[in-house]
Amino acid sequence: MANHIVLLSLVALSFCYLAFAFEPSPLQDFCVADPTSSARVNGLACKNPMTVQANDFFFSGLHIAGNTSNPIGSRVTPVNVAQIPGLNTLGISMVRIDYAPWGINPPHTHPRASEILTIVEGYGNAVAIASLSSQNPGVITVANAVFGSNPAIAGDILAKAFQVDKKIVEHIQSKF
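Per mature numbering (1 follows the signal peptide of the UniProt record, and there is no 0): the sequence shown = residues -21 to -1, 1 to 155.
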């Protein structure tokens, strides 16, 4: 009986996992990113505080509409630590998304962030602002990952998964 309890306890413990899924806490009040540094501490290395300038906390461009004359009819303008070095270690970023009529932002995921989206203007050409909970949220577009992967996922597997003819899958894969 005792052996069964020990065995069941070990099995139960084997299903317990500990995951840390957050950005590290900043080590100082502000840490303006120094993209020229090869050191990587808490994201990007910090600039010398004596060389920090107001431009390190400024981005001009969210008022400019993105060019939506592309096959999906949208354009994303990112504002993250690459555009505003002062965002380093703050764990935030944002994007402006411009949509042509009937344009889309393809299904995607941000592996390092949560996202909240606000539609600013929604008739005809639309504009949305999205806030993300990471200075570098990353993006994985589902269609690119499935149909444009390298090495490619076998067409017969995708045909079966999507319940379509293999020729349709091959046609879609040819676009990536």
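Each residue gets a CB set at the ideal place from its N, CA and C atoms; glycine is no exception.
{"Item": "Reference LEU23; option with closest CA among SER39, ASN67 and ILE(-17)", "Value": "ASN67"}
{"Item": "Contact check, VAL58 vs ALA12, beta carbons under 8 Å", "Value": "no"}
{"Item": "Start and end residues, alpha helix (DSSP H) containing VAL148", "Value": "145 to 153"}
{"Item": "Element boundaries [alpha helix (DSSP H), containing VAL125]", "Value": "121 to 126"}
{"Item": "Whole-angstrom distance between GLN114 and ALA122, CA atom to CA atom", "Value": "24 Å"}
{"Item": "Buried versus exposed call for PHE126 [16 or more other C-beta atoms within 10 Å across all chains shown]", "Value": "buried"}
{"Item": "Alpha-carbon spacing of MET73 relative to PHE141, whole angstroms", "Value": "33 Å"}
{"Item": "Beta-carbon spacing of THR97, ALA105 below 8 Å", "Value": "no"}
{"Item": "Nonlocal neighbours in the same chain, by C-beta distance under 7 Å from PHE155, ignoring five residues either side", "Value": "ASN123, PHE126 and GLY127"}
{"Item": "Identity of the residues DSSP links to THR88 by a beta bridge", "Value": "ILE119"}
{"Item": "Any beta strand (DSSP E) of 3 or more consecutive residues that is wholly inside the segment 4 to 88", "Value": "53 to 58 and 72 to 78"}
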